[in-house]
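Note sheet for the following structure.
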Amino acid sequence: MSAITMVRQFGEVLLAIALAPLFVGWIAQCRAWLQSRTAPPLVQPYRMMRKLFQKDVALAANATPLFRITPYVLFGSMVLAAAIIPSIATDLPFARVADAIALIGIFATARVFQSLAAMDTGTAFGTMGARREMMVGFLAEPALLMVLFNAFLLSGSTALPSVVEAYSAGPLSINPSLTFAGVAFVMVLLAENARIPIDNPSTHLELTMIHEAMVLEYSARHLALIEWASSLKLFNYACIGFALFLPWGIATHGADGGWALLLAAAALIAKLVVFGAALALIESLSAKLRIFRAPEYLATAFLLAVLGLLVHLLLGS
Amino acid sequence: MDILIVLGLPLLGALLLALFGARRFAAELNAGMSFATLVAVVFLVLRVLRHGSLLALQEQFFVDSFNVFLVALTAFVGFTTALFSRPYMRIEQQRGRLGTQRLRLYHSMYQLFMAAMFLALLTNNMGLLWVAMEAATLSTVLLVSLYRTRASLEAAWKYFILCGVGIAQALFGTILLYFAAEHVLGRQGMTALLWTHLNAVKGQLEPRVLGLAFVFLLVGYGTKVGLAPLHNWLPDAHAEGPTPVSAVLSGLLLNVALYAVIRCKVLVEGSIGSYLPGRMLMGFGLLSAVLGAFFLWRQRDIKRLFAYSSIEHMGIITFAFGIGGPIANFAALLHMTVHSLTKSSIFFTAGHASQTAHTQQMDGIRGLVGISPTVGWGLMLGSLAILGMPPFGVFASEFLILTTAMREHPWTTPFLLIALGVAFGAIFRKVQPMVFGESDAPPLSHPPALVPVFIHLAMVLALGVYIPPMLAEWYRAAARLIG
Amino acid sequence: MPHSNHWIVPSLNLLASILLLISFAMLSRRRTQRLITLFAWQGLVLFTSTCLVAYSSGQKEMYYSAGLTLMLKVIALPWILHRLIQRLGAQWDSELLVNIPTTMLVGLVLVIFAFGLAQPISRMATTITRNTIGIALAVIFLAFLMMITRRKAVTQVIGFLAMENGLFFAATSATYGMPMVIELGIALDLLVGFFILGIFFFQIREQFDSLDLSHLEALKEE
Amino acid sequence: MLLLVLGWLFLGAIGLLRPHSLRFVARGLFPAGAVIGLGVALLGTVALLAGHAPQAMVLPLGLPSLPFHVRLDALSGFFLLLMGLAGAGISIFAAGYFRSGEGTAPGLLGLHYHIFLASMALVVLADDAYFFMVAWELMALSSYFLVVSQHRLPEIRRAGFLYLLMAHLGALCLLLSFGVLQGGRWQFTFDAMRGAPLTPLWATVAFLLALLGFGAKAGLVPLHGWLPEAHPAAPSPVSAMMSGLMLKTAVYGMLRITFDLLHVQFWQWGVLVLALGLFSAIYGAIFAGVKTDMKRLLAYSSIENIGLIFTGIGLAILFDACHLPLFAALALSAALLHSLNHAFFKSLLFLATGNVLHATKRRSLGALGGLAHTMPWVATMALVGTLAIAGLPPLNGFVSEWLLLQAFLFTPQIPHAFINMLVPLGAAVLALTVALAAYVMVKFYGIIFLGQPREPALEDAHDANWLERIGLAWLALGCIAIGVLPQIALRAAGAVTGLLLGQTVNFSSQLWWVAPITAKQASYSGLLLLAGIICVVGITFVVVRGLAHGRFRRTVPWDCGYPWQTSRMQDTAEGFGQPIRHIFGTAFDMERELPSPSDSAPHYRIHVEDRLWRMAYLPIERAVQRLSDAIGVLQGGRLAIYLLYSFLTLLALLVGVL
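Right, dumping it as structure tokens:
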């Protein structure tokens, strides 16, 4: 791999790390506008993290090393995922380390670590959050896999770079099965990233929360890392979505000089802006579901994905 | 000559024991005579090995590959059983279940029984065969009723009547056989009933008559084999008689009766040339196997349990003979051998087990490995062997029988599967708690004679992984003979 | 055939039918004493028929077996049975399992069946007494039936002995008798068996103080 | 080649010399057994490298016409490798594990243990039906004796009985299957069976019988009844061997018969196996989710993993029957790899539970908790096992499941309508199962090792001793190694697929890459992934410490404003399983006592049972009971009736010949 690709790689990773909190902030801002509240500034997440980094950690007395390692593992795996997902360019040395299915695996690793850490202190809420998180996980994964199945049927690959290149090679067209899959993917994304209607990122009412219940025991830099990681997760999911469904603009192999990259970055930001706004809209329009409505919700997502599959097999588009 | 010795020794033993049976050394004498018989049989076998099958005393007696190993088996199990009965009967005597006079009766009848079986096996004359079978019945009737309890008397009575009536049918069958034979062989006295002669001319014998004859012979001797639904005497007799007697009944008498049936089958099949006799045997075999298995499921008395298991196994053997053909016959002969070895050893251990627990009710027998490990493991291994667990020999024969059945008569395999499965569940769920678990019963007063048990099991084990070529040759020859 | 035996065959057939008649009579009798008498009569008939066959076929050794029959079945056994019954006081075989008319009907069916079975055999029989074998078979069946329907030990034994008679008749009439050794063996077994029975009677009696078989139904699958 | 196997038997035998000396048997013989295990693994590797040159020999034992045939080819080699490697770890552990005074004497235990090992190896080596069956049943027998080694407990005896019964029934089915396979030529060597002419009908019969037999041994639902009973009952090293190794012999047999002896003929077979596999997988996963006995939970998870393996086999059959050998090879490699992985992580976890059991005498999750503090070693090793079995990168469990999914991606190419639409849904079931497995393992690990000890007695639990640590570490190392460099195992599997399908998948030329078909289509590299995570975590750590600080203070966990919390107030295993009970409620037989608001001492009790017990197993037992009662009437005790039987039989037969 040449130096330029390495530069590209690191550039992309750093871009992701930098943009992720901003993306979350943007969504919050849009939500505030839609709910006609005075919005927090875009950089609010950064401020919060700076504050958190300065505080002292208050560590539960019976916390094991696992508890302290977990934030780093979460952050690390999310950064790794960011390195793998072709968000601005496909020709990344690291992109081949894991295909889309393996990416799910990486996210699962993060989830398991987080749940274990949540159970570590042995408080009731930690465990409750953990089991809800795991439940959402095992409900979401089949749907997600079916989405990827669609992508594979269209592009003959589950490696995101290949998918992107396959699309950008072909003519621009709206594919019926892809639309089904796209809707399913958005639903899964909402569930996986602890957004409404499955979870409410801004609530602290214990009985309804999932993500917050798990991080209840965390404080200071640990908490900061976890929040950063979760914003990265959202960012990554968005980028996966772009790679699968809106790959236009991503600098493909060969055509990835400086301008192309700049163009790609611009395209990415544009997509993020639009997508964030859409996300905020969805969240504001829909109400949070009771936890045991989650199966139905994700079953719907699964159904849509399967429909996409069948449509493809029938129409053979 | 040595045939006469083989027959004479047990008779002599019966006589001696009838005289001195009450003495203290009676048990040893019994074992000694059995051993002498065994030695004589060994010589006989060696001679057969050297010169092949032989006829003796104006062809009245003969030894071929079919009966030679049965003779050897009978002598061997007879000897080991005598060994086992020594301490066993001592304990019974101590517990006051038997007086010295009864012991005398027991010992002499035991020898007489052996003599009768040898006669049945060695004779070439279908008439003498019948006489010997009847004699065996009579001697064992007295053995079964040895305890003179209500139960034992009832068992013996049923045994006597059922087998007596059965044997009467067999006699009628024999008469019909003779009737058919004399038209071919003429009426030169004895020869018309000699099996060898009949076998030579079986093609010309009148099929209709032989068909009838076979029915009577089958019902007659089949009663003694314990084929369902003629089996009803068997569990009672086994459960109520003294354990050594149960051992020889299961291990030897059933074999001898089956031997008689097969001899007849050979003639009849040769005569009527149809598969009818084979089909009859298969039917009886399947029925016995399945019924036996389901009976097993409901047993509470340990000896009754294994009596029914004998019925089941006799059923399997009969079934195999019914299939016919070199492999099935081979398997059946092998199964005869391993079954009698295993079953007798099981009865040995079961006897000691019930003595230890002072009851034959299996709910009362617990934790044998705790009390005397040898008895416990003997029972466990024996049961596993009889249930067809490799590497014991029973598995070898069942392997051949099942594979043959699967190929030749697929419709029978479900029944066999049910029979074997139910039998396994039934026996094992009873044996396991007897062997394992807790118990506080004291060990026996006399050290149990378990050498026979482990000798038998070792032999069964050996037959599972290695069949000596000589034995295999006999089996093959016999299988060819039976056809 | 050494003798011209124009009168033997009919008389043998006569004896055979008498034998059958006696069996039916046994089936119908209730009193044990009568049964024994009938049994003795059966033995006598058997003896005569055997002598006839021996005479007609000119076989010396059949006289021996005839004599054996006389000794055992006409004199010894009935006598011993009588004594036994006196001693054990089991004169009455009170109630049967099946009532007598039914038994008779079943018996009739059995006889027909037996004849049907015997037909082929009789056809190929070269002996002068060809068609008697069917009767022998019938006698055996009837004895069997009797053993099934009676519930006293003694009567069952008598039924057993009657069956033996049938067998013997079959042996003599169908085949001029089995070889001598066999005859002797059979007779010996019969005798021994009978003595064993005698012993049993006493033991059963002292254990159950009755010869009623209904006491001997303890061993079963409960 | 046999010397090694015999070596095991020999060890067992000399164990009898001093049956009651624990030091001699455990500390002496078991390590020796481990060494032999390594030897066997080496043997397997050699066979795998040798490729298509199997070495065979005939022993002077067996039936006269059928001596024992032994043959070592790639397939046997692979499973020998599996047994050797995992077995070595287990043996080392066992050396430190067995205590005196636990049921059977150490000598006998050692004997059964080594016979068990040897018989498993012989099953794999056997080359004729008779020898195979002998080894097969010997395996069942010896493991039965191991299961009931603590035979004083009635429920353990019950488990043992059920186990041996089902094993025997399965064996009978296999026997019949061989009876078909020999094709009427009375040749029972596998060589003869390969060439035996079979009509499609007979072939299918043989296949179905084999599926029954091996399914019963592998614990495929609904033949799984014995498994959750027997595995928990056995001492932990034995549970590890049964789960990790013995179940694999069933996989081996399935492959041997389906692909080698009975060349795949119908795609329907594949669909059947696939359906059974998926059903078992999901079934095992949800039951593991609700079980609260740690060993039982692992047992159900074994059912799940076996389900995954059979799913792979089913796919392979399907592809092979549709003449897509490359994909078949892919699926088969996935199945084989998963067998290997399962051998490692399941053994590891069972051994860990063994340590927990010894340290706490508790098997119910409700009584455990917080053991990470008192037994750090076991906790760490168990964590590796947990992550591996949960199918998380970069550990080994992930690779096989990933490959399986990759294989599923090609199912739309199957040229059968419906099948090519239905089978892809299998991938979703698979994903669900894997995610459920993660759920289950979080519950398992979290409840046992994390949180606060639920009982005061747990405070002084002791960690594993050094032999046990070696055993655990060995297996954990295996999990990591295979996860990071799956190519090693995959090339071994390649030899097998080459033997069975005449087709090997070329997973990239570099050792640290795995690319199912082409790197363009999908690729994965555990090594780089691990390296990446380590780098990023390291960098982050340094940066955070550098820019911010490392200060922290210990406090009590937040009590939600309710200061009187006890460790009993933690979420329980039942609570953790509640979502699964809620979602998959139809699968269970549940009886539940809910406390009413007025209860002075509120009590919550829930009992979850396997619905198949009531639907499949108990009816059979009742039927047998009823039949035997009906038949018992025949033996009414009345002599006249008996006479009637024989009379009627006589008449019937006479009519028959008439």
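Chains as they are written, first to last, in my numbering: chain A, 660 to 976; chain B, 254 to 736; chain C, 5 to 226; chain D, 1283 to 1940. Just so it is clear, CB atoms sit at the ideal spot from N, CA and C, and this is done for glycine as well.
- Query: Under 7 Å Cβ-Cβ, which residues of chain D neighbour M778/A?
  - Reply: G1728, L1732 and G1733
- On a CA-only basis, which of F173/C, Q90/C, G189/C and D216/C is nearest M379/B? Give me that one, please. G189/C
- Item | Range covered by the alpha helix (DSSP H) that runs through P1342/D | Looking at the DSSP string, P1342/D is not in any alpha helix (DSSP H); the run it does join, the beta strand (DSSP E), is Q1337 to L1345.
- Message: Please classify Y1924/D as buried or exposed, where buried requires at least 16 other C-beta atoms within 10 Å of its C-beta.
- Response: buried
- Message: For a test of the three-state rule: what should DSSP assign to M642/B, helix, strand or coil?
- Response: coil
- Task: Would you mind sorting T402/B into buried or exposed? The rule is 16 or more other CB atoms within 10 Å of its CB.
- Result: exposed
- Query: Hey, K930/A and F901/A are a contact pair by Cβ (cut 8 Å); roughly how many whole angstroms apart?
  - Reply: 5 Å
- Message: Does any residue of chain A have a CB that is nearer than 7 Å to the CB of A1260/D?
- Response: Outside the shown range of chain D (1283 to 1940) lies residue 1260/D, about which nothing can therefore be said.
- Coarse secondary structure for M1872/D, derived from DSSP in three states: strand
- Message: I believe A1492/D touches Q1547/D by the beta-carbon criterion, under 8 Å. Please report the beta-carbon distance rounded to the nearest angstrom.
- Response: About 13 Å; that fails the 8 Å criterion.
- Task: May I ask which residues mark the beginning and end of the alpha helix (DSSP H) holding I1531/D?
- Result: In the sequence as presented, Ile is not what sits at residue 1531/D; that position holds Thr. That run of the alpha helix (DSSP H) goes L1529 to L1537.
- Task: May I ask which residues mark the beginning and end of the beta strand (DSSP E) holding L1348/D?
- Result: L1348 to L1354
- Partners in chain B for Y1899/D, counting only beta-carbon separations shorter than 9 Å: Chain B residues near Y1899/D: none, gap ~12 Å exceeds 9 Å.
- Item | First and last residue of the uninterrupted beta strand (DSSP E) at T911/A | T911/A -> no beta strand (DSSP E), and no H or E assigned at all.
- If you measure beta-carbon to beta-carbon, which residues of the segment 682-700 of chain B are closer than 7 Å to chain D? R682, Q685, P686, F689, G690 and E691
- Task: Inspect the beta-carbon positions of E493/B and A560/B and report whether they are closer than 7 Å.
- Result: no
- Task: Identify each residue in the segment 1869-1898 of chain D for which the Cβ-Cβ distance to at least one residue of chain B is less than 8 Å, and report them in chain order.
- Result: none
- Is H1889/D helix, strand or coil when you go by DSSP? strand
- Where S976/A falls, given that 16 or more other Cβ within 10 Å makes a residue buried: Residue placement at S976/A is flagged as unreliable, the pLDDT there being 48, under the threshold of 50; a coordinate-derived value is accordingly withheld.
- Name the residues in the segment 1687-1702 of chain D whose C-beta lies less than 9 Å from a C-beta of chain A; which are they? L1687, Q1688, F1690, L1691, P1694 and N1702
- Counting contacts by CB-CB distance shorter than 7 Å, is I428/B in contact with chain C? yes
- Query: Would DSSP call A1557/D helix, strand or coil?
  - Reply: helix
- Item | Start and end residues, beta strand (DSSP E) containing S1435/D | Inspection of the sequence shows that residue 1435/D is occupied by Leu rather than by Ser. No beta strand (DSSP E) contains L1435/D, which DSSP labels as neither H nor E.
- Message: Which same chain residues end up closer than 8 Å to P1301/D when comparing Cβ atoms and leaving out the 5 residues on each side of it in sequence?
- Response: V1307, A1387, P1388, G1389 and L1390
- Enclosing alpha helix (DSSP H) for F1789/D [first to last residue]: No alpha helix (DSSP H) holds F1789/D; DSSP gives it neither H nor E.
- So which residues of chain B does Y1927/D contact, with C-beta pairs closer than 8 Å? P482, L483 and N485
- G1589/D touches chain C at which residues, Cβ-Cβ below 8 Å? Residues of chain C passing the Cβ test: none, with the nearest at roughly 44 Å.
- Would you say G1733/D and G1651/D are within 7 Å of each other, going by their C-beta atoms? yes
- Query: Using a Cβ-Cβ distance under 7 Å, would G1914/D count as near chain C?
  - Reply: yes
- Item | Under the three-state DSSP convention, the category A1672/D falls into | coil
- Item | Endpoints, the beta strand (DSSP E) within which V1937/D is located | Segment L1921 to V1939 is the alpha helix (DSSP H) holding V1937/D; no beta strand (DSSP E) there.
- Message: Between L424/B and chain C, is any beta-carbon pair separated by less than 7 Å?
- Response: yes
- Message: Going by beta-carbon coordinates alone, are F1632/D and S1521/D separated by less than 7 Å?
- Response: yes
- Item | Rounded separation between T353/B and Q346/B - CA only | 8 Å
- Query: alpha helix (DSSP H) containing F951/A: first to last residue?
  - Reply: Element bounds for F951/A: n/a, residue is neither H nor E.
- Report the option in F1292/D, I1438/D and L1330/D whose CA atom is closest to the CA atom of H1396/D. F1292/D
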